[in-house]
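Be aware that the sequence shown starts at 947, since it is given in the working numbering, and climbs by one per residue.
Cβ coordinates follow ideal geometry from the N, Cα and C atoms, glycine included.
Bear in mind the structure is a predicted one, so any value in this text is a computation, not a measurement.
Working notes, structure below.
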Amino acid sequence: MLEELRRTEAAPDRRRITEDEAGALARAAVNLFRKWELNDAEAREILGGMSPRTYSRWKQGDTGRIDRDLATRLSLLMGIHKGLRYLFTDPARGYAWVRKPNQVFGGRAPVEIMAQGDIFSLARVREYLDAERSGW
């Protein structure tokens, strides 16, 4: 016999992550962008078209409020980083991978795909890496 599961109430105004978690994610993203050798314009597009002033504050450690879209982007970025760490035993090769042209992305570098600005492009890179490491 099937039993209905209790539904989770939607609470769009409730914070999904704490300020400390948001700060940690932002610091991790800024550090990751540095390792990927991204310029500020690329980083800002990957983060959803963030303003230069806001990104400058991020680099100084002042993250401010992180909404659902930005939290999702940060989560995808951490998943991309994790996938690269699983695929490459040498971290430097994983960091360099984002700049190398890839046939799966039509000969474009993954960073070009991610910097298109839409969240689906980040998800596309993440899904590719997940599929590569799972052996599908």
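Rounded C-alpha distance that separates residue i from residue j
i              : j               : result
proline 998    : tryptophan 1004 : 10 Å
arginine 1054  : leucine 951     : 44 Å
serine 1021    : valine 1071     : 13 Å
leucine 1043   : leucine 1030    : The identity of residue 1043 in the sequence shown is tryptophan, whereas the question assumes leucine. If I take the Cα positions, the gap works out to 8 Å.
threonine 1000 : leucine 993     : 11 Å
aspartate 1013 : proline 1037    : 30 Å
glycine 995    : valine 1050     : 25 Å
Start-to-end residues for the alpha helix (DSSP H) that takes in residue i
i               : result
valine 1050     : No alpha helix (DSSP H) holds valine 1050; DSSP gives it neither H nor E.
aspartate 1015  : 1014-1033
valine 1107     : Because the chain spans 947 through 1082 in this model, residue 1107 falls outside it and cannot be assessed.
isoleucine 1065 : 1065-1080
Exposed unless 16 or more other CB atoms sit within 10 angstroms - verdict on residue i
i               : result
proline 1056    : buried
threonine 964   : exposed
threonine 1009  : buried
leucine 948     : exposed
tryptophan 1011 : The question names tryptophan, but residue 1011 is arginine in the sequence shown. Result: exposed.
proline 979     : With the sequence shown as reference, residue 979 is identified as phenylalanine, and proline is not the correct amino acid for it. Under this definition phenylalanine 979 is a buried residue.
DSSP-derived helix/strand/coil call for residue i
i              : result
glutamate 1058 : helix
glutamate 967  : helix
Item checked: Sequence ranges, alpha helix (DSSP H) only - wholly within the region 971-1005, length at least 4 -> As far as the region 971-1005 is concerned, its whole alpha helix (DSSP H) runs of at least 4 residues are 986-992 and 998-1005.
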